[in-house]
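This report refers to the structure that appears directly beneath it.
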Amino acid sequence: MEDYLVIVESPAKAKTIERYLGSKYHVKASMGHVRDLPKSQMGVDVEDHFRPKYITIRGKGPVLKDLKKAAKKAKKVYLAADPDREGEAIAWHLAHSLDIDEKSKCRVVFNEITKQAIKDAFKEPRKINMDLVNAQQARRVLDRLVGYNISPLLWKKVKKGLSAGRVQSVALRLIIERENEIKAFEPEEYWSIKGLFKTGDETFEASFYGLNRKKTELNTKDDVDGILSKIKSDEFEVKNVQKKERLRNPVLPFITSSLQQEAARKLNFRAKKTMMIAQQLYEGIEIGKQVTGLITYMRTDSTRISDVAKEEAKQFISKHYGESYLGNENNKKKKTSEKTQDAHEGIRPTSVNQQPKAIKEYLSRDQFRLYKLIWERFLASQMAPAVMDTVRADLVHADCTFRATGSKIKFPGFMKVYIEGNDDRSNNDDDRFLPELTDGMIVKKEKIDPKQHFTQPPPRYTEARLVRTMEEIGIGRPSTYAPTIDTIQRRGYVTLDDRKFVPTELGEVVLELIVEFFPEIIDVDFTVKMEDNLDAVEGGDIDWINVISDFYKDFESRLEVAEKEMREVEIKDEPAGIECENCGHEMVYKMGRYGKFLACSNFPDCRNTKPILKKMGVACPKCHEGEIVERRSKKRRIFYGCDHYPECDFVSWDKPIQRSCPKCNEFLVEKKLKKGKVVQCSHCDYKEDQTN
Numbered sequence: 001m002e003d004y005l006v007i008v009e010s011p012a013k014a015k016t017i018e019r020y021l022g023s024k025y026h027v028k029a030s031m032g033h034v035r036d037l038p039k040s041q042m043g044v045d046v047e048d049h050f051r052p053k054y055i056t057i058r059g060k061g062p063v064l065k066d067l068k069k070a071a072k073k074a075k076k077v078y079l080a081a082d083p084d085r086e087g088e089a090i091a092w093h094l095a096h097s098l099d100i101d102e103k104s105k106c107r108v109v110f111n112e113i114t115k116q117a118i119k120d121a122f123k124e125p126r127k128i129n130m131d132l133v134n135a136q137q138a139r140r141v142l143d144r145l146v147g148y149n150i151s152p153l154l155w156k157k158v159k160k161g162l163s164a165g166r167v168q169s170v171a172l173r174l175i176i177e178r179e180n181e182i183k184a185f186e187p188e189e190y191w192s193i194k195g196l197f198k199t200g201d202e203t204f205e206a207s208f209y210g211l212n213r214k215k216t217e218l219n220t221k222d223d224v225d226g227i228l229s230k231i232k233s234d235e236f237e238v239k240n241v242q243k244k245e246r247l248r249n250p251v252l253p254f255i256t257s258s259l260q261q262e263a264a265r266k267l268n269f270r271a272k273k274t275m276m277i278a279q280q281l282y283e284g285i286e287i288g289k290q291v292t293g294l295i296t297y298m299r300t301d302s303t304r305i306s307d308v309a310k311e312e313a314k315q316f317i318s319k320h321y322g323e324s325y326l327g328n329e330n331n332k333k334k335k336t337s338e339k340t341q342d343a344h345e346g347i348r349p350t351s352v353n354q355q356p357k358a359i360k361e362y363l364s365r366d367q368f369r370l371y372k373l374i375w376e377r378f379l380a381s382q383m384a385p386a387v388m389d390t391v392r393a394d395l396v397h398a399d400c401t402f403r404a405t406g407s408k409i410k411f412p413g414f415m416k417v418y419i420e421g422n423d424d425r426s427n428n429d430d431d432r433f434l435p436e437l438t439d440g441m442i443v444k445k446e447k448i449d450p451k452q453h454f455t456q457p458p459p460r461y462t463e464a465r466l467v468r469t470m471e472e473i474g475i476g477r478p479s480t481y482a483p484t485i486d487t488i489q490r491r492g493y494v495t496l497d498d499r500k501f502v503p504t505e506l507g508e509v510v511l512e513l514i515v516e517f518f519p520e521i522i523d524v525d526f527t528v529k530m531e532d533n534l535d536a537v538e539g540g541d542i543d544w545i546n547v548i549s550d551f552y553k554d555f556e557s558r559l560e561v562a563e564k565e566m567r568e569v570e571i572k573d574e575p576a577g578i579e580c581e582n583c584g585h586e587m588v589y590k591m592g593r594y595g596k597f598l599a600c601s602n603f604p605d606c607r608n609t610k611p612i613l614k615k616m617g618v619a620c621p622k623c624h625e626g627e628i629v630e631r632r633s634k635k636r637r638i639f640y641g642c643d644h645y646p647e648c649d650f651v652s653w654d655k656p657i658q659r660s661c662p663k664c665n666e667f668l669v670e671k672k673l674k675k676g677k678v679v680q681c682s683h684c685d686y687k688e689d690q691t692n
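The sequence shown begins at 1 in the UniProt record's numbering and counts up by one.
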């Protein structure tokens, strides 16, 4: 007879926890939820206070049977699902399925899967928190009411397989509104003048600042010519030299959204992939002969760190970097948002002594890269600020002022370990080197370089930008970002072009209909308020049924109007201007999960389909007859191949260009870097830096 039964979600977590608890505890996995709303119907009784109709999830019968059998033998059952709303709901469903009193102390929660954290958690079991459960139920019921009422309308009026949801519709709206801004954008001309100056043997850059020590805009070539006409000699006098010491504070530990953003910037991970790998690191990796949880819980919006973790980091920093690298609490504090749920810590390694390089052999490449990112971010957050020596100097000739700025690291502090990524890849003038400059010094002009520019439209959303925007305006919560982004892509509402979201015609049609008939669904303020209400349910301040009831009153009347007045929209196939090689009918452009593709108009009699190949205008370097085209792998990664495939099997991850290497005559490729790109030979060490 088993003494105690512990139920968690996953087998990986079960294996780790069972080892920590010892022989008196038997740990089993529920494999996630065991009950849910039925897929075949709405499963919400709107006439009976929106009562959910839960059923056992298809395929979970054997799992539940095994758990019931084990529960009958156990002296006590502990429910140890994840420490969030979803985990609390899983525990509640398990309690109902296994006849466990939800008011008994059956719930165990922990933020990290380490021996001490597990043992501490089992010393203080608690009742199931029904406020958390109700917050999860409210979101689930709300999304059902929206999705299972609007989606059938879209199926009837547009095409089958479509869906509409609160958060996904607002995310789609953000992407489409940004695209409309880009289309409506009218570029404006402006100019800049950069100068190369010399003092002794050292050269440095400075940019035109203004006339008579006042900042002056350069809008036309005439403005530039007027400035250049004033420069009569090569000599400029150095004035107003300002030297300052500036502190650069360390970043805070990761929360869910910042982890997704940084993994996108530095590792090129999609949000869904980031969360999947983070889950693996949290549940445990086999290190040697033991399974070890490597990071704390990864669904959090708090940057709080436990005192134990801080002390361990302090000792590690002192030992490996020295006392001068220790941070202080004032540098690590951040004003907490009212929406922050501070139940969890920030995302950190379970032990800072578990260095990435020491366990690299036990991790997959992606696990190692994400763990290293989390480890470095946390360690840096506990370190001292960096100290920068900054210099600013004006170079004056007649009434023209050029300004030189620069900085150098006086003390690296946290930058010794980690520097946060940036969506904007432009060069930073503060990183420039400046020679020693003093007031009254004369420097020589080497070169003056005026350049014409045009203002740029706002950038399309990358995953990182979209997550950041959703977080800033309060749409969704940490656990919803990745599935929301995944859904709008799977539905064909948006596609990715160079890692940036582009709305499809289908996405624009769907949004237009939702805006017309259900404006509150895509209203940002409404969505934010609803998230606040769900948080209030979690806090025990509002009854979840009242939240749903208040929403449904207006929603129901809008549904009735939409049923009668929503027009049918036909998304016509666009002729491609080429014939099908199988039957001779015209090929057309169709919209699929990953964007447009070519298909025969004689479907279903002819099922010929093929991808739309983007030609690069470069002859194939292998067969010399075909042309290089852009293709995508099964994982949607771009690569380049010959359009004569399979006759010619040339492929390259880097983009070939129409030039040969001057050194060995092999083909050159364009390789993307984090900042800019480089042209290099595919065979030898020849390289051309294109970053400037």
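Ideal Cβ placement from N, Cα and C applies to all residues, glycine included.
Is residue i near residue j, with beta carbons less than 9 angstroms apart?
i: Q9; j: G87; result: Strictly speaking, residue 9 in this sequence is Glu, with Gln absent from that position. In this structure, G87 lies closer than 9 angstroms to E9 by Cβ.
i: L247; j: K445; result: no
i: M470; j: L174; result: yes
i: D285; j: I521; result: First, the amino acid is wrong: residue 285 is Ile here, not Asp. For I285 and I521, no; Cβs fall outside 9 angstroms.
i: Q452; j: E189; result: yes
i: A278; j: I255; result: no
i: V509; j: V569; result: yes
i: K243; j: T114; result: no
i: R270; j: S479; result: no
i: Y686; j: C661; result: yes
i: residue 700; j: E345; result: For the chain, the structure presents residues 1 to 692; residue 700 sits outside this window and is missing.
i: I475; j: V528; result: yes
i: Q280; j: A81; result: no
i: F518; j: L142; result: no
i: L67; j: I7; result: yes
i: L145; j: I488; result: no
i: L434; j: G406; result: yes
i: R265; j: A464; result: yes
i: M441; j: E202; result: no
i: N602; j: C620; result: no
What is the DSSP secondary structure of residue i, reduced to helix, strand or coil?
i: A14; result: helix
i: D45; result: strand
i: M298; result: coil
i: K333; result: Unreliable positioning characterises K333 in this predicted model, as indicated by a pLDDT of 48, which lies under 50. A coordinate reading is not provided.
i: G87; result: helix
i: R58; result: coil
i: E9; result: coil
i: D523; result: coil
i: P656; result: strand
i: Y686; result: coil
i: G195; result: strand
i: S426; result: Legend: pLDDT at S426 = 46, less than 50; position of this residue unreliable, no value from coordinates given.
i: E312; result: helix
i: V108; result: coil
i: V224; result: helix
With distance defined between alpha-carbon atoms, name the residue in the options nearest to residue i.
i: A14; options: F254, K28, R166 and A599; result: K28
i: A206; options: A404, N240 and H93; result: A404
i: N582; options: T609, D301 and I277; result: T609
i: A135; options: C620, V308, G584 and D543; result: D543
i: S537; options: K319, R139, K239 and S233; result: Reading the sequence as shown, one finds Val at residue 537 and not Ser. The shortest Cα separation from V537 among K319, R139, K239 and S233 belongs to R139.
i: E102; options: A121, V77 and F122; result: V77
i: K239; options: Q315, P187 and A393; result: A393
i: A95; options: E112, A71, V109 and I442; result: A71
i: F650; options: R19, V678, H624 and P450; result: H624
i: E245; options: R607, A358, V63 and F411; result: F411
i: P356; options: K564, E202 and F368; result: F368
i: K194; options: V34, P52 and T401; result: T401
i: S23; options: L5, T199, S104 and L211; result: L5
i: K671; options: P459, I638, I100 and D535; result: I638
i: H644; options: E627, K655 and R631; result: E627
What does DSSP give as the partner residues of residue i in its beta bridges?
i: G641; result: V629 and V651
i: L598; result: Y589 and K610
Discussion item. Which runs of the beta strand (DSSP E) at least 3 residues long sit entirely within the region 356-399? Give them in chain order.
Written reply: 386-397
Discussion item. Give the list of continuous beta strand (DSSP E) stretches no shorter than 3 residues that lie fully inside the region 485-511.
Written reply: Restricting attention to beta strand (DSSP E) runs no shorter than 3 residues, the region 485-511 encloses them at 494-497 and 500-503, ordered along the chain.
Worksheet item: Along the chain, which unbroken stretches of the beta strand (DSSP E) at least 3 residues long are found entirely within the region 231-295?
Response: 235-248, 285-287 and 290-292
Worksheet entry | alpha helix (DSSP H) segments (min. 4 residues) lying fully within the region 439-489 | List check, alpha helix (DSSP H) in window: 463-473.
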